[in-house]
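K.L.:
In short: position in the sequence shown from 1, add 555, done, that's our numbering.
For every residue, glycine included, the Cβ atom is placed at its ideal position computed from N, Cα and C.
Quantities reported herein were computed from a predicted structural model and do not represent experimental measurements.
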Amino acid sequence: MAAPTAPRPEPSSLKLGIVCYPTIGGSGVVATEMAMYAAAQGHEVHLLSYDRPARLAARDNAVRYHNVQVSAYPLFRYPPYDLALATRMLEVQENHGIDVFHVHYAIPHAVSAFLARSMSNGQLRCVTTLHGTDITVVGADPAYGRPTRFAIAQSDAVTAVSEFLACETKKIFGVDTPIEVIPNFVDTARYAPGRAGRYYERDSDERIVVHVSNFRPVKRVADVVRAFAIFQRHVPARLILVGDGPDREHVMAIAADTGVQDRVQHLGPSEATERVLADADLFLLASETESFGLSMLEAMSCGVPCVSTAVGGVQEVLGGVAGSATPFGDLDAMAEAALDLLTDEALHRRVSAAARARAVECFAQDRVAERYFELYRRILAGG
Ligand code: GMT
Numbered sequence: 556m557a558a559p560t561a562p563r564p565e566p567s568s569l570k571l572g573i574v575c576y577p578t579i580g581g582s583g584v585v586a587t588e589m590a591m592y593a594a595a596q597g598h599e600v601h602l603l604s605y606d607r608p609a610r611l612a613a614r615d616n617a618v619r620y621h622n623v624q625v626s627a628y629p630l631f632r633y634p635p636y637d638l639a640l641a642t643r644m645l646e647v648q649e650n651h652g653i654d655v656f657h658v659h660y661a662i663p664h665a666v667s668a669f670l671a672r673s674m675s676n677g678q679l680r681c682v683t684t685l686h687g688t689d690i691t692v693v694g695a696d697p698a699y700g701r702p703t704r705f706a707i708a709q710s711d712a713v714t715a716v717s718e719f720l721a722c723e724t725k726k727i728f729g730v731d732t733p734i735e736v737i738p739n740f741v742d743t744a745r746y747a748p749g750r751a752g753r754y755y756e757r758d759s760d761e762r763i764v765v766h767v768s769n770f771r772p773v774k775r776v777a778d779v780v781r782a783f784a785i786f787q788r789h790v791p792a793r794l795i796l797v798g799d800g801p802d803r804e805h806v807m808a809i810a811a812d813t814g815v816q817d818r819v820q821h822l823g824p825s826e827a828t829e830r831v832l833a834d835a836d837l838f839l840l841a842s843e844t845e846s847f848g849l850s851m852l853e854a855m856s857c858g859v860p861c862v863s864t865a866v867g868g869v870q871e872v873l874g875g876v877a878g879s880a881t882p883f884g885d886l887d888a889m890a891e892a893a894l895d896l897l898t899d900e901a902l903h904r905r906v907s908a909a910a911r912a913r914a915v916e917c918f919a920q921d922r923v924a925e926r927y928f929e930l931y932r933r934i935l936a937g938g
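Written out as structure tokens, the structure reads:
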């Protein structure tokens, strides 16, 4: 955060505090993967959240988890999570001598970090990573905008996961704080083509189309189903929906309305997405806005061509080679792009190889994580 603290000698191994939401959304996934990667590199990593993140629980790792408990007092209609988090950050700072906290998703984490830092007499350093709706949807809400803008400006460093999001942040908040773009990353060894062998029983000509998300309204999963309903008339295909969230029932109702319920299969969020994606022929995303699209990157890393709405930072991820971007809400265009990829074998092979190559060259975990380590060290060196 902004107040000056004495520069410290650069330690080779860092003590990191990572704060995130534990849910299946991309910001929690990126934060948890970063925590596990940093711990595997020999750094001491403390992860703070209100629940143990799913990805952390699933694998053995050296990350130390700190639960943020919010007590419910009858007076509290809305228990103050931001205060409880600030207190937990301060305790972890005092007990473990954290070098840098890295908070993922600005609301309310950046505000809690500001409070913790104020309570620590400026001893606490914090990087804030902006992910998407913390700026474009929630951050733009007048109820949250001013403290979020303030806390972003107070961070020692701010990063955004795409150029689009960095620009939106400046536009929406009018901040002149430098925002470094550090994209999301993927474990290209785990998300790899053909790694899992055949995952689905299927007829030889049946195509598997996958969508992965948190089923929030912004994801427009119903549009994924509607586009699928259009192109499955021309090619035998099955739509696999992975994840869960508020729109799931609505989405399954749309599948019934459009007469494709037998061709749409919903898998819960705990399904190993790397296995599902590795055996897919196409990834579909119909979001209204998407600062990055982490699950799309995971599909690319598995060599799966993607069709997405041309919104937010999606094209920065696709790079014009990993699939098609079609206008938001234009379901015919989306269906046509999908059909092209599913019926032209040479095109599919070419785009599949390009998607994998782009994931490896631009978004591999080790390279991107190194940029965060550099940033932490710059802050510690007082830069
Ligand atoms: O902003 C959200 O909807 C939640 C957030 C999350 O926690 O999943 O998603 C955002 O962050 C992801 C990770 O950086 C990005 O891949 C998503 O594109 C972004 N979502 C939106 O912009 C809608």
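Is DSSP giving R818 helix, strand or coil here?
P.N.:
helix
K.L.:
I'd like to know whether the C-beta atoms of V692 and L852 end up nearer to each other than 9 Å.
P.N.:
no
K.L.:
Residues in the same chain with beta-carbon distance under 7 Å from S842, minus the five sequence neighbours each way, listed in chain order, please.
P.N.:
V773, K774, R775, T864 and V866
K.L.:
Using only the alpha-carbon positions, how far apart do L604 and G677 sit?
P.N.:
Per the sequence shown, the amino acid found at residue 604 is Ser instead of Leu. Per the coordinates, the alpha-carbon of S604 lies some 22 Å from the alpha-carbon of G677.
K.L.:
Can you list, in chain order, the stretches of the alpha helix (DSSP H) that have 4 or more residues and sit fully within the segment 787–813?
P.N.:
Runs of alpha helix (DSSP H) with 4 or more residues, each lying fully within the segment 787–813, are found at 803–812, listed in chain order.
K.L.:
Closest to I690 by C-alpha separation, out of A627, V625 and T844, would be which residue?
P.N.:
T844
K.L.:
Taking 8 Å as the threshold, find out whether the segment 660–673 comes into contact with the segment 633–652 through three or more Cβ pairs.
P.N.:
Judged by Cβ distances under 8 Å, the segment 660–673 makes contact with the segment 633–652, as three or more pairs qualify.
K.L.:
In the DSSP output, which residue or residues are listed as bridge partners for I570?
P.N.:
Checking the sequence shown, residue 570 turns out to be Lys, not Ile. According to DSSP, which records beta bridges pairwise, K570 is partnered with E599.
K.L.:
With distance defined between alpha-carbon atoms, name the residue in S626, G823 and P791 nearest to G798.
P.N.:
G823
K.L.:
Measuring from the CB of K570, is there a heavy atom of the ligand GMT at a distance below 8 Å?
P.N.:
Not under cutoff, so the answer is no.
K.L.:
With 16 as the cutoff for other CB atoms within 10 Å, does P738 come out buried or exposed?
P.N.:
buried
K.L.:
So L794 packs on V819, CB below 8 Å; how close in whole Å?
P.N.:
5 Å
K.L.:
Across which residues does DSSP place S863 in a beta bridge pair?
P.N.:
L840 and A880
K.L.:
Please name the residue, chosen from S856, T688 and V618, that lies closest to A919 on a Cα-to-Cα basis.
P.N.:
S856
K.L.:
Counting only the same chain and skipping the five closest in sequence on each side, list residues whose C-beta sits under 7 Å from that of T813.
P.N.:
If the five residues before and after T813 are omitted, its C-beta is found closer than 7 Å to the C-beta atoms of V780, R781 and A784, all from its own chain and listed in chain order.
K.L.:
Determine the direct distance from the alpha carbon of H903 to that of A698, and round the result to whole angstroms.
P.N.:
Roughly 46 Å between the two C-alpha positions.
K.L.:
Return the CA-CA distance between V765 and G937, expressed in angstroms with no decimal places.
P.N.:
45 Å
K.L.:
Go ahead and pull the three-state DSSP assignment for E761.
P.N.:
The answer is coil: DSSP assigns E761 none of H, G, I, E or B.
K.L.:
Helix, strand or coil: how does DSSP classify F847 here?
P.N.:
coil
K.L.:
Within the present structure, is the beta-carbon of E898 separated from the nearest heavy atom of the ligand GMT by less than 8 Å?
P.N.:
With the sequence shown as reference, residue 898 is identified as Thr, and Glu is not the correct amino acid for it. In this structure, T898 has its beta carbon at no less than 8 Å from each heavy atom of the ligand GMT.
K.L.:
Using 9 Å as the threshold, is the C-beta distance between G572 and V655 below it?
P.N.:
In this structure, V655 lies closer than 9 Å to G572 by Cβ.
K.L.:
Give me the residue from F719, I662, A706 and A668 with the minimum Cα distance to G694.
P.N.:
I662
K.L.:
Please report the Cβ distance between Q870 and A880, rounded to the nearest whole angstrom; I am assuming they are in contact, meaning their Cβ atoms lie under 8 Å.
P.N.:
5 Å
K.L.:
Does the beta-carbon of F883 have 16 or more other beta-carbons within 10 angstroms, so that it is buried, or is it exposed?
P.N.:
Buried is the call here.
K.L.:
Out of Y931, R680, V915 and Y576, point me to the one whose CA is closest to Y746's CA.
P.N.:
V915
K.L.:
Under the three-state reduction of DSSP, which class applies to A924: helix, strand or coil?
P.N.:
helix
K.L.:
Tell me the rounded alpha-carbon separation between V736 and L935.
P.N.:
19 Å
K.L.:
From E925 to S759, what does the alpha carbon distance come to, in whole angstroms?
P.N.:
42 Å
K.L.:
Does Q624 pass the burial test, meaning 16 or more other C-beta atoms within 10 Å, or should it be called exposed?
P.N.:
exposed
K.L.:
Pull up the distance between the alpha-carbon of T898 and that of R788, whole angstroms please.
P.N.:
12 Å
K.L.:
Just to check, is the beta-carbon of S604 closer than 8 Å to a non-hydrogen atom of the ligand GMT?
P.N.:
no
K.L.:
Which one of F786, R762 and S768 has the shortest CA to CA distance from A792?
P.N.:
With distances taken between Cα atoms, A792 lies closest to R762.
K.L.:
Under the three-state reduction of DSSP, which class applies to H686: helix, strand or coil?
P.N.:
coil
K.L.:
Buried or exposed: which applies to P733, given that a residue is buried once 16 or more other Cβ atoms fall within 10 Å of its Cβ?
P.N.:
Result: exposed.
K.L.:
For F770, which of helix, strand or coil comes out of DSSP?
P.N.:
coil
K.L.:
According to the neighbour-count rule (16 or more other Cβ atoms, all chains shown, within 10 Å of its Cβ), is P635 buried or exposed?
P.N.:
Here P635 is exposed: its Cβ has fewer than 16 other Cβ atoms, across all protein chains shown, within 10 Å.
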